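**Student:** Okay, here's the structure, questions in a sec.
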Amino acid sequence: MEMNASDRDLIEVMKRYFAVKAEVEEVKSRLEAARRDSGEEIGAFYNPRTNIDHAADIIRSHALKQELARLMDWAEGWGRRSLTTNEA
1 MEMNASDRDL IEVMKRYFAV KAEVEEVKSR LEAARRDSGE EIGAFYNPRT NIDHAADIIR
61 SHALKQELAR LMDWAEGWGR RSLTTNEA
């Protein structure tokens, strides 16, 4: 099977997706450990306005999750385009 530029783009997007997913898990794990150690409620702990000590990680976590959604949207769009191209 021959790969074209679009296929290579998809591979790069999926590589980025899995790298970001691993980073999300690492940040999430770190934050949750800190939350448990602090004994704070979830709502209070994950508010970057009131939790200055962990605000950067909380904001980073949100940004990474948004990036995951964008990457998956791109991959899904590629899949839909690929299916319609192959059906034609």
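Numbering (full-length UniProt numbering), first residue to last: 1 to 88.
For every residue, glycine included, the Cβ atom is placed at its ideal position computed from N, Cα and C.
These numbers come from a predicted model, not from an experiment.
1) Do you know offhand how far residue 58's Cα is from residue 13's?
2) Figure out for me which residue from 75, 36, 80, 68 has the closest Cα to the Cα of residue 24.
3) Which word fits residue 18, buried or exposed, when buried means at least 16 other C-beta atoms lie within 10 angstroms of its C-beta?
4) Please state whether DSSP places residue 14 in a helix, a strand or coil.
**Tutor:** Checking against the coordinates, here is how it stands:
1) Going by the C-alpha atoms only, they are around 24 Å apart.
2) Checked all of 75, 36, 80, 68; the closest Cα to residue 24 is 68.
3) Result: exposed.
4) In the three-state DSSP reduction, residue 14 falls in the helix class (H, G or I).
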